[in-house]
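S.K.: For the sequence shown, the working numbering gives the first residue as 18, with consecutive numbering after it.
Before we start, here is the structure in question, set down as structure tokens.
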Amino acid sequence: MVHFFNILGIWLGALFTFAIFSFLYKDNPFYKIAEQIFVGLSAGYWFVYTIYFILIPNLFTPLTSDFGANWIKLIPAALGVMMLLRLIPSIDWISRFPVALIIGTTSGIYFLRYL
18 MVHFFNILGI
28 WLGALFTFAI
38 FSFLYKDNPF
48 YKIAEQIFVG
58 LSAGYWFVYT
68 IYFILIPNLF
78 TPLTSDFGAN
88 WIKLIPAALG
98 VMMLLRLIPS
108 IDWISRFPVA
118 LIIGTTSGIY
128 FLRYL
């Protein structure tokens, strides 16, 4: 028995495929809508995947189970939050510190490699 949502998924996939391929003719609203939906779904999927499969098992669970042994994980978490502050114009200068740390560390490692 074929379910309604299986058929709906097949038809939506076919319509989005035709909308993307319509760019071969010329730029049109169908292509732009399909492109924006694809980018939005990809960003949403990436965000949820990052929360559930990276942050929860690698940061939140170790910190809540044994904070004393895992407090060091707060340093990269703080640097990551500082890098995200680049999106707020009034305090975007804070993001320069983790970027400088990454660039300095990477250049030092590569410098030592070539000595």
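The C-beta atom is built at its ideal place from N, Cα and C for all residues, glycine as well.
Quick caveat, the model's predicted, so the values are computed rather than measured.
Pull up the distance between the alpha-carbon of A36 and that of G97, whole angstroms please.
M.R.: Cα to Cα, the separation comes out at about 37 Å.
S.K.: How big is the Cα-Cα spacing for F70 and S59?
M.R.: Straight-line Cα distance between these residues: approximately 16 Å.
S.K.: Within 10 angstroms of the Cβ of A51, are there 16 or more other Cβ atoms? Answer buried if so, exposed if not.
M.R.: Label assigned to A51: buried.
S.K.: Is I108 near L102, with beta carbons less than 8 Å apart?
M.R.: Contact flag set, yes.
S.K.: Within 10 Å of its beta-carbon, does P115 have 16 or more other beta-carbons around it, so buried, or fewer, so exposed?
M.R.: Classification of P115: buried, given that the 10 Å Cβ count is 16 or more.
S.K.: Write down the C-beta distance between F55 and Y48 rounded to the nearest angstrom, noting that I regard them as a contact closer than 8 Å.
M.R.: Going by Cβ atoms, the distance from F55 to Y48 rounds to 10 Å, so no, they are not a contact pair.
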